[in-house]
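Protein chains in written order, with the working numbering: chain R, 1 to 96; chain V, 1001 to 1143. Notes follow once the structure below has been shown.
Have a look at this one:
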């Protein structure tokens, strides 16, 4: 008689919430880099150090990209509000 | 009343019936619904239900659609993943969640997720961050 054992598992999610604000670039980048790069605890120390250095570099690249995306989106919104007659709202966005 | 992290037993059966497709392109549409601590979710959960579902600003009944990531394998383990999900500008409290197949008839359950306590957003973001998509951590794994 043959049988094949199959094990199914569910991973653990992480829930993050904010109060009276959204997530900032650093928080978003931390999540992104954790998702992109996973470093094994049992990895060779030299490879582990190299991977951690790469992860750190990627973190700052993503922070910069997020900041750029936010600024660019605010420019789009600034123009949207302004063209719809909400100059005051546009100015608030511009000065954020 | 409790929520536990578990794969639905009905989902395991339905996998053998080809009822679920997790492909990013052409796959089924999966949703994540949030629940209060009054809900009972676990391996015995078979389908989405609105009973004890979270309500509040920034949240609609039925939850929100997940973005499928193509299933992959590593070693002898097959796994799949979803993009992180955010309920923006929300004021909600949830104790757990249910992932279910919104395409399949009857909204069959995939798995229940326990948050380990009430999580609250107040005029902010409520983000569910899925684990690293690998053979040891991915949200849904078959070994």
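Even for Gly, the Cβ is constructed at its ideal location relative to N, Cα and C.
(message) Between which two residues does the alpha helix (DSSP H) holding residue 78 of chain R run?
(response) As a first step, residue 78 of chain R must be located in the first chain, where it is residue number 78. Under the DSSP assignment, residue 78 of chain R falls in the alpha helix (DSSP H) whose first and last residues are 45-83.
Which value, in whole angstroms, describes the spacing of the CA atoms of residue 6 of chain R and residue 1009 of chain V?
Residue 6 of chain R sits at position 6 when you count from the first residue of the first chain. Residue 1009 of chain V sits at position 9 when you count from the first residue of the second chain. Spanning the two alpha carbons is a distance of roughly 13 Å.
For this session: Label residue 36 of chain R either buried or exposed according to how many other C-beta atoms from any shown protein chain fall within 10 Å of its C-beta, with 16 as the threshold for buried.
Result: Mapped onto the first chain, residue 36 of chain R falls at position 36. In the assembly as shown, residue 36 of chain R is an exposed residue. Its beta-carbon has fewer than 16 other beta-carbons within 10 Å.
- From what residue to what residue does the beta strand (DSSP E) around residue 1032 of chain V run? For the purposes of this step, residue 1032 of chain V is taken as the residue at position 32 of the second chain. Segment 1030-1035, the beta strand (DSSP E) holding residue 1032 of chain V.
| task | Compare the C-beta of residue 76 of chain R with all C-beta atoms of chain V and state if any pair is closer than 7 Å. | result | For the purposes of this step, residue 76 of chain R is taken as residue 76 along the first chain, with counting starting at 1. Nearest CB-CB separation between residue 76 of chain R and chain V: not below the 7 Å threshold.
### Helix, strand or coil at residue 1139 of chain V according to DSSP, with G and I counted as helix
As a first step, residue 1139 of chain V is located in the second chain; it is residue number 139 there, counting from the start. Under the three-state reduction of DSSP, residue 1139 of chain V is assigned to coil, being neither helix nor strand.
- Neighbouring residues, chain R, relative to residue 1005 of chain V (Cβ below 8 Å): For the purposes of this step, residue 1005 of chain V is taken as residue 5 along the second chain, with counting starting at 1. Counting only Cβ-Cβ distances below 8 Å, residue 1005 of chain V has contacts in chain R at 10 and 12, in chain order.
message = For residue 1016 of chain V, count the other beta carbons within 10 Å of its own beta carbon; 16 or more makes it buried, fewer makes it exposed. Which is it?
response = Sequence index remark: in the second chain, residue 1016 of chain V carries index 16 (1-based). Exposure of residue 1016 of chain V is indicated by the presence of fewer than 16 other C-beta atoms within 10 angstroms of its C-beta.
Practice task
Return the residue from the list V/1021, V/1091, V/1079 and V/1044 that minimises the CA-CA distance to residue 11 of chain R.
Solution key: Start at 1 with the first residue of the first chain, and residue 11 of chain R comes out as number 11. In terms of CA proximity to residue 11 of chain R, V/1079 leads the group V/1021, V/1091, V/1079 and V/1044.
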